[in-house]
Amino acid sequence: MTPAPMELTVRPLTGADELGLFCRLPYVLDHELADDLATGRRRPEWMWVALRGDRLVARIAWWTGQDGGAPQFLDFFDLDDTLPEPERGAIGLELLEKASAAVVPAGAVPPEYGRYIPPDWREDPAARDVVEARIRVMEASGARMLVERLRLEWRAGTPVPQDTGRLVFRPVTGREDLVALMTPVMAGTLDAHGQADLASGLSAREAAEKQYDEEFADLRTPQEWWRVAELPDGEPVGFVIPARNNYHPMIAYIGVLPAHRGHGYIDDILAEGTRVLAAQDVERIRASTDVGNVPMAKSFERLGYINFERSFDMVWDQP
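Following this line, the structure appears as structure tokens:
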């Protein structure tokens, strides 16, 4: 007779000293946890575990970009994939619901959930099982898939793209300078997050302002790196934001104004952002784009960026 499984204990970490317990299940961001805790981007009370005795069977954690800020992103959700279904899913759902009730303010929309996944996850049965198990739990809690994205990387030693001379580049002069260019780009965006903002009722200008304030205003690197691309007569064509977040040099955002699409300017603009960061002697430059944004993905490929990983984002709608 098979013995009944031990009772499940679901609780937050008691402190940073339990990080070893939390890391008994692996994920690609484990190496960032200690520094995130030290800098306030994570808190022990936002890091929860599900235990059977001393065996870790699931874990979950939220992240914020600022010390003292509210949880902005759910980026850790791991299950013991040796457990069978439906047991694995039931444990994950119990952990998700109990931890969310404690971490997410009552009545608030839960922060977006995102996960990094192998580039070939659909072709690898083991990887597919891991990905789909997490998706099932999130969907059972009311979340829906928003987008799957390509994660890209330019690596030191890759040829630095040359300036073709077709465009002239100048630094962004401030918030209004960039938001004014982001607004027409947002109106015809292929980006799923931008499309979701527009579908929520925001105007293109409001969506651009929201993106600027939430994603770009607090970037650590100087705005002097940000570039506006213009024709020789001064007419704006697009822009690029080469920057660095808390972890990597990156192309934070890139856009071509609708009137200038279809002329290959995206390669020139991406090349300029790459040159700005390569001049800082970086080992790599990270970027991402939605799987459905084929023109952007092809531009990254042409300029030597490698698709090393994918990710997906899931969201909960307004309660």
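Here my numbering = 1-based position in the sequence shown + 31.
For glycine and all other residues, C-beta sits at the position ideal for the given N, C-alpha and C.
Using the three-state DSSP reduction, which class does residue i fall into: helix, strand or coil?
i	result
residue 119	helix
residue 147	strand
residue 59	coil
residue 131	helix
residue 346	strand
residue 312	coil
residue 111	coil
residue 87	strand
residue 32	Annotation note: pLDDT 47 at residue 32 (below 50); position unreliable, no value reported.
residue 305	helix
residue 290	helix
residue 248	coil
residue 47	helix
residue 253	coil
Assuming residue i is part of the beta strand (DSSP E), what are its boundary residues?
i	result
residue 259	258 to 261
residue 80	78 to 83
residue 181	175 to 186
Among the options, which has the Cα closest to the Cα of residue i?
i	options	result
residue 98	277, 144, 303 and 254	277
residue 47	39, 67, 58 and 41	67
residue 183	312, 44 and 305	305
residue 199	262, 50, 44 and 290	262
residue 253	103, 283 and 344	283
residue 187	310, 52, 59 and 239	310
residue 149	157, 142 and 143	157
residue 351	260, 126 and 281	Given a span of 32 to 350 for the chain in the structure shown, any question on residue 351 remains unanswerable.
residue 190	40, 52 and 316	316
residue 353	100, 108 and 54	Nothing in the structure corresponds to residue 353, since the chain is present only between 32 and 350.
residue 227	344, 58 and 111	344
residue 162	120, 128, 348 and 328	120
residue 65	50, 59 and 58	50
residue 215	239, 205 and 192	239
residue 125	115, 110, 63 and 137	110
residue 173	140, 218 and 285	140
residue 61	88, 108, 242 and 312	108
residue 43	73, 69 and 57	73
residue 101	133, 113, 122 and 81	133
In terms of DSSP beta bridges, what is residue i paired with?
i	result
residue 284	272
residue 40	82
residue 68	None; residue 68 has no bridge partner.
residue 267	261
residue 337	184
residue 104	94 and 143
What residue range does the alpha helix (DSSP H) around residue i cover?
i	result
residue 330	325 to 333
residue 236	235 to 242
residue 202	No alpha helix (DSSP H) holds residue 202; the beta strand (DSSP E) holding it covers 199 to 202.
residue 163	156 to 171
residue 315	Looking at the DSSP string, residue 315 is not in any alpha helix (DSSP H); the run it does join, the beta strand (DSSP E), is 315 to 321.
residue 194	Run containing residue 194: none; DSSP gives neither H nor E here.
residue 224	223 to 230
residue 208	206 to 218
residue 295	Element bounds for residue 295: n/a, residue is neither H nor E.
residue 53	50 to 53
Rounded to whole angstroms, how far is the Cβ of residue i from the Cβ of residue j, which I believe are closer than 8 angstroms?
i	j	result
residue 90	residue 79	7 angstroms
residue 287	residue 268	7 angstroms
residue 341	residue 152	7 angstroms
residue 96	residue 249	7 angstroms
residue 180	residue 319	5 angstroms
residue 168	residue 127	6 angstroms
residue 217	residue 205	Contact flag wrong, Cβ pair sits at about 18 angstroms.
residue 243	residue 203	Their Cβ separation, rounded to whole angstroms, is 11 angstroms, which puts residue 243 and residue 203 out of contact at 8 angstroms.
Counting only beta-carbon separations shorter than 7 angstroms, does residue i have a partner in chain C?
i	result
residue 343	Going by chain labels, chain C is absent from the structure shown, which holds only one protein chain.
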